[in-house]
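K.L.:
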Amino acid sequence: MTQWVHPFATGTAADRYLLGGKGANLAEMTKAGLPVPPGFTLGTTACHAFYDSGETLPETMWTEVQSAVQALEQETEKSFGGAVNPLLVSVRSGAPISMPGMMDTVLNLGLNDTTVRALAAQTGNDRFAFDCYRRFIQMFGDVVQSIPHYQFEHILDDVKSDVGAKDDQALTAEDWQRVIAGYRKLVERETGKAFPQDPYDQLRLAIEAVFRSWNNQRAIIYRRVHKIADDLGTAVNVQSMVFGNMGDNSGTGVAFTRNPSTGEPSVFGEYLTNAQGEDVVAGIRTPKPIAELAHDMPEIYTQFLQVCEQLEAHYRDVQDIEFTVEEGKLFLLQTRNAKRTAAAAVKIAVALVEEGKIDKATAVSRVDPDQLDQLLHPGIDPNAPVDELARGLPASPGAASGRITFDADEAEQWSKQGEAVLLVRTETTPEDIHGILAAQGILTSRGGMTSHAAVVARGMGKPCVCGCDALTINTRDGYARIGDRTLRKGDVISIDGATGRVLLGEVVRVQAELSADFQALLSWADEIRQLGVRANADNPEDATRARGFGAEGIGLCRTEHMFMAAERVPVVQAMILASTPTERGQALAALLPMQQDDFYGILKAMDGLPVTIRLLDPPLHEFLPNLEQLVTRQAVLQTRLQYENGAARTLIEQELADVSNLLGKVRQLHELNPMLGHRGCRLGITFPEVYEMQARAIFQATADLQKEGLNPQPEVMIPLVGVREELRRMKELVETTARSVEAETGQTLPCVIGTMIEVPRAALTADEIAEEAEFFSFGTNDLTQTTFGYSRDDAEGKFLHHYTTEKILPENPFAVLDATGVGQLIQIATQKGRSVRNDLKLGICGEHGGEKQSIHFCQVQGLNYVSCSPFRVPLARLAAAHAALVDPRT
Ligand code: ADP
Ligand code: MG
Ligand code: MG
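Going by the numbering used here, the residue at position 716 of the sequence shown is 853; the numbering climbs one at a time, nothing skipped.
Right under this line is the structure:
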């Protein structure tokens, strides 16, 4: 029984948490009889053991590795460190969830001064053998001994310029030996020791380094961006080498079984002849399109197409495949479910259903709701004039504009200052991940569409154009040449990741159209989901857009936004500042028709669907001028009064009186803690005229629409209720108003009244409150504030970031609903509320209503609907379907 080592022949794809994705799929391909070079995997449990023993390999593990190598020697009939027929291996990282290029891999391990000669003799190819050896020293030096990559590059460049070689291909065996000599000096200088010659020493050090690479900076950032748990750990795969660099009948490449950028159903990939795998994925040389393989190696091409079909059919999903051809023989080195853009994800999912390969539910579950955002992002207006500088490869779609920088750190800094940045690089390496994250888009002069940079950009939904040959960058002096033009650091350009165009300046963008495939997928999601989806909208345009995205009503219509329109502010202020009921009455009478118009428009846009209208919620001082500004103005006027006479003085005196009067009122309304102050139904209780006016506006608009033959469905929502009596009184007010509008119009009007549950007391006494309410809507923004006792703006500005990075909290609770605490209040309110009114309608209208984990929570709690901003409606439809697939309700 081995504990740590799992030969490829023993695992399956289901073991990915133990074997890592790469190891699990290598095992699966081995079992399927595909040509995979033999090897074994050290599982993620070995990674944990490595860290537990202070970052060294436990002896039992090392003993197992040695036996596994011996078994590999037998299987391949080669010998590790042997003077004839030497076994060489790669030592490859491989996490349970793929993190392309973020961790390390060492190739050609086992080479030393003896085995390199053996390899040369055996292949009759000195050049090849020394090329492998120098690659090995370089990778080992970089990954294991932390010697900066560029130091190796300098040595290589020196030899190249010395012998006048344009590229690596032009170097001879002797040249490579000179490079090797230089490398070895470098290693000795940097480590104080000779380059290790014992293959077992090399192996042990490489395995340790790969385990350690789980915690390198870029892997940590990648995990944070993609929400991958830090404690999964990586597996290590030790695999016998095959060589794509043995001459022109050898090569290496990467291919996707369908286009990962657009979803087009044909094999899409790239390869290089006479090269090792690293050359393609690291984007060092711009490779050839896979179609050319049909001419270069027709038989391999046919065989490869068959393999693609076989793997796609086996995994029932698009695969991303690494292959190498060694002297006319095909080997497979990796397969995984391909990372893809949202557009491709949707197109592929729908196509696989049409091809009968998966069912609709599987298709729905294949698309990540978080990705959909990308599809709703605007693209370049096809009718707008553009100034095209050049074209590169369309590596990841979407339009991005920004100021260019050639440095990832700078991209990060600029974006922190709120600038839109484009990261422009010769090639991007995984070390640039923080810059990629900060940038609006990425442009590179080298590297193909399967380079790590392109894969990572697609995974993040960032527009990317790569392999733009016309571009040359001079990092040192901070400029780039593109065609005959010069771009300076900081200049604004745009890229179009769908066509590969690079454009000067900003471009006009237009709203994206939802594709037919997207509509189809969402309609399947609608068949599956059990939660309703509404939108938060407070004007007719948003309501119409939301309906277009599939919203089934409005879950939150905020009325305060309507009060904030510029031309209304003076009327609203007059209402607040009124010193007598008559004055207030006049201001309210002026506001009534405006409000009525608002509700008319929204109810019309949502004809036949429920519209939950929340009565005025924020504290009144939000509508008045700022206290500090008034104090300053008063001081300025008082000073000027000392120097002015006559008419000017009179004017100042008048303004001073006005300002002082206003200041008095503002001071009177000023609150120490407005979030917990005089707002919500507390305003309605103390100024019932305001709520009455709003209710009247709602019912008059309803009556008008009914007269036009429409079917308006308003639901009146009372905010911030904590005590049953608050709701009882406000409900009475609204009902009385409805009855008087009914009496005036002679019509029967729908009058549905409910409340928001957004303070803990309301949740805890939900059985009492439900006696008065026909519906509850969980206002989870306020409920999170009041449950945690955090004021959101202060928390997000001051300590929440620290809390989440230090893992005091798993997530920002204002982004992802806190299921344990806030969620418990929702659960209590749901149970208590339904215990007195079993048809109580329950929804959620905080920002959590558009977040997939929170939506899942709502499914489990048995809520009726979620409500979110219009642009998130498609996401919510899909996320609700995912939730129903995982946790169906009976
Ligand atoms: P990454 O996850 O960064 O892609 P990999 O472990 O897949 O790292 O390896 C990097 C490159 O080296 C890939 O192109 C891969 O195909 C190639 N490679 C890995 N192992 C071998 C091997 N045994 N023989 C030939 N090429 C290999
Ligand atoms: Mg790989
Ligand atoms: Mg609230």
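No residue lacks a Cβ here, since even glycine has one placed at the ideal position from N, Cα and C.
1) Does Asp433 get closer than 8 Å to chain B when you measure Cβ to Cβ?
2) Quick one: residues in its chain with C-beta nearer than 7 Å to the C-beta of Tyr737, no 5 flanking neighbours on either side, listed in chain order?
3) For Gly471, verify whether its CB is less than 7 Å away from any heavy atom of ligand 2.
4) Using only the alpha-carbon positions, how far apart do Ala428 and Gly406 sit?
5) Quick check: does the Cβ of Gly406 come within less than 7 Å of any heavy atom belonging to ligand 1?
6) Comparing C-alpha positions only, which one of Ser230, Ala500, Gly218, Val228 sits nearest to Leu256?
7) Is any heavy atom of ligand 2 found at a distance shorter than 7 Å from the C-beta of Glu131?
8) Using a Cβ-Cβ cutoff of less than 6 Å, which residues in the same chain neighbour Leu920 once the five nearest sequence positions on both sides are dropped?
9) Just how far apart, CA to CA, sit Phe760 and Gly814?
10) For ligand 2, is there a heavy atom less than 7 Å away from the beta-carbon of Val418?
11) So what does DSSP say about Pro96, is it helix, strand or coil?
12) Is Pro755 near ligand 1, going by C-beta to nearest heavy atom under 7 Å?
13) Going by CA-CA distance only, name the one from Asp505, His451, Arg272, Gly261 that's closest to Gln990.
14) Could you pull out every unbroken beta strand (DSSP E) segment of at least 3 residues lying fully inside the stretch 884-919, listed in chain order?
15) From which residue to which residue does the beta strand (DSSP E) around Ser631 run?
16) Does the Cβ of Glu464 lie closer than 7 Å to at least one heavy atom of ligand 1?
17) Which residue marks the beginning of the alpha helix (DSSP H) containing Phe994, and which one marks its end?
18) Give me, in chain order, the residues of the same chain whose beta-carbon lies closer than 8 Å to that of Asp614; leave out the 5 immediate sequence neighbours on both sides.
19) Under the three-state reduction of DSSP, which class applies to Gly406: helix, strand or coil?
20) Assign Ala527 to one of three DSSP states: helix, strand, or coil.
21) Curious, which full-length beta strand (DSSP E) runs of at least 3 residues does the stretch 565-607 contain?
22) Which same chain residues end up closer than 7 Å to Lys215 when comparing Cβ atoms and leaving out the 5 residues on each side of it in sequence?
23) Under 7 Å from any heavy atom of ligand 4, does the C-beta of Glu415 make it?
24) State the start and end residues of the unbroken alpha helix (DSSP H) segment that holds Ile357.
25) When we look at the beta-carbon of Gly745 and count the other beta-carbons within 10 Å, is it buried (16 or more) or exposed?
26) Can you give me the start and stop residues for the beta strand (DSSP E) that Leu246 sits inside?
27) Which same chain residues end up closer than 7 Å to Glu165 when comparing Cβ atoms and leaving out the 5 residues on each side of it in sequence?
28) What I want to know is whether the C-beta of Ser387 ends up closer than 7 Å to one or more non-hydrogen atoms of ligand 1.
29) Hey, which unbroken runs of the alpha helix (DSSP H) at 4 residues or more fall wholly within the stretch 453-510?
30) State the beta-bridge partners of Gly854 as determined by DSSP.
31) Suppose you measure from the CA of Glu311 to the CA of Arg349; what does that come to, to the nearest Å?
32) Measuring from the CB of Pro333, is there a heavy atom of ligand 1 at a distance below 7 Å?
33) In the DSSP output, what is Ala372 paired with across the bridge?
34) Just tell me which of Asp569, Glu568, Ala576, Arg562 has its CA closest to the CA of Gln554.
35) May I have a chain-ordered list of the alpha helix (DSSP H) segments no shorter than 4 residues that lie completely inside the stretch 411-457?
36) Indicate whether Val206 and Leu179 have their beta-carbon atoms separated by less than 8 Å.
P.N.:
Working from what's here:
1) This model lacks chain B altogether, as it is built from one protein chain only.
2) Here the question's residue 737 lines up with position 600 in the sequence shown. Ala838, Asp841, Leu842.
3) For the purposes of this step, residue 471 is identified with residue 334 of the sequence shown, where counting begins at 1. Per the sequence shown, the amino acid found at residue 471 is Gln instead of Gly. At a threshold of 7 Å, Gln471 counts as near ligand 2, since its beta carbon sits closer than that to one of the ligand's heavy atoms.
4) Taking the sequence shown and counting its residues from 1, the one referred to as residue 428 is at position 291. Taking the sequence shown and counting its residues from 1, the one referred to as residue 406 is at position 269. Looking at the two C-alpha atoms, the distance is approximately 8 Å.
5) Looking up residue 406 in the sequence shown gives position 269. No - ligand 1 has no heavy atom lying nearer than 7 Å to the Cβ of Gly406.
6) Residue 256 sits at position 119 when you count from the first residue of the sequence shown. Leu256 has its Cα closest to that of Gly218, out of Ser230, Ala500, Gly218, Val228.
7) This structure does not reach residue 131, given that the chain is present from 138 up to 1027, and the question cannot be answered.
8) In the sequence shown, residue 920 corresponds to position 783, counting from 1. Within the same chain, Glu895, Val959 come within 6 Å of Leu920 by CB-CB distance, once the 5 residues on both sides are set aside.
9) Locating residue 760 in the sequence shown gives position 623, where the first residue counts as 1. Locating residue 814 in the sequence shown gives position 677, where the first residue counts as 1. Cα to Cα, the separation comes out at about 15 Å.
10) Here residue 418 corresponds to residue number 281 of the sequence shown, with the count starting at 1. Correct: Val418 has its Cβ closer than 7 Å to ligand 2.
11) An answer regarding residue 96 cannot be provided, because it is not within the stretch 138 to 1027 covered by the chain.
12) Position 618 of the sequence shown holds residue 755. Result no, Cβ not under 7 Å from ligand 1.
13) Working through the sequence shown from its first residue, we reach residue 990 at position 853. For the residues Asp505, His451, Arg272, Gly261, the minimum Cα distance to Gln990 belongs to Asp505.
14) Whole beta strand (DSSP E) segments, 3+ residues: 889-894, 912-915.
15) For the purposes of this step, residue 631 is taken as residue 494 along the sequence shown, with counting starting at 1. Ser631 -> beta strand (DSSP E) spans 629-633.
16) Residue 464 sits at position 327 when you count from the first residue of the sequence shown. False, no ligand heavy atom lies under 7 Å from that Cβ.
17) Translated into the one-based positions of the sequence shown, residue 994 becomes position 857. First-last of the alpha helix (DSSP H) with Phe994: 989-998.
18) Looking up residue 614 in the sequence shown gives position 477. Within its own chain, no residue has a Cβ closer than 8 Å to the Cβ of Asp614 once the five positions on either side in sequence are excluded.
19) The residue given as residue 406 occupies position 269 in the sequence shown. Here Gly406 sits in strand by DSSP.
20) Residue 527 sits at position 390 when you count from the first residue of the sequence shown. Strand.
21) Runs found: 578-581, 601-603.
22) Numbered from 1 along the sequence shown, position 78 holds the residue referred to as residue 215. Closer than 7 Å at the Cβ level, and outside the excluded window around Lys215, lie Asn222, Pro223, Leu224.
23) Absence of ligand 4 is noted for the structure shown, with ligand 1, ligand 2 and ligand 3 being the only ligands found.
24) Translated into the one-based positions of the sequence shown, residue 357 becomes position 220. Per DSSP, Ile357 is one residue of the alpha helix (DSSP H) stretching across 354-362.
25) Residue numbering aside, residue 745 sits at position 608 when the sequence shown is read from its first letter. Taking every protein chain shown into account, the CB of Gly745 has fewer than 16 other CB atoms within 10 angstroms, so this residue is exposed.
26) Here residue 246 is taken as the residue at index 109 of the sequence shown, counted from 1. 242-246 is the span of the beta strand (DSSP E), which, as asked, contains Leu246.
27) Here residue 165 is taken as the residue at index 28 of the sequence shown, counted from 1. Here the set comprises Thr149, Ala150.
28) Working through the sequence shown from its first residue, we reach residue 387 at position 250. Because no heavy atom of ligand 1 lies under 7 Å away, the Cβ of Ser387 does not count as near it: no.
29) Listed in chain order, they are 479-491, 497-503.
30) Reading the sequence shown from its first residue, position 717 is the one you call residue 854. With the sequence shown as reference, residue 854 is identified as Met, and Gly is not the correct amino acid for it. Paired residues: Arg751, Gly891.
31) Taking the sequence shown and counting its residues from 1, one reaches residue 311 at position 174. Taking the sequence shown and counting its residues from 1, one reaches residue 349 at position 212. One C-alpha to the other measures close to 35 Å.
32) What you label residue 333 is simply residue 196 of the sequence shown in a count that begins at 1. The beta carbon of Pro333 sits no closer than 7 Å to any heavy atom of ligand 1.
33) Residue mapping note: residue 372 aligns to position 235 of the sequence shown, counting from 1. As DSSP reads the structure, Ala372 sits in a beta bridge with Gly231.
34) One-based indexing of the sequence shown puts residue 554 at position 417. Minimum Cα distance to Gln554 is reached at Ala576.
35) Scanning the stretch 411-457 for uninterrupted alpha helix (DSSP H) segments of 4 residues or longer gives 414-418, 430-433, 435-452, listed from N- to C-terminal end.
36) The residue you call residue 206 lines up with position 69 of the sequence shown. The residue you call residue 179 lines up with position 42 of the sequence shown. When the beta-carbon positions are compared, Val206 and Leu179 stay at least 8 Å from each other.
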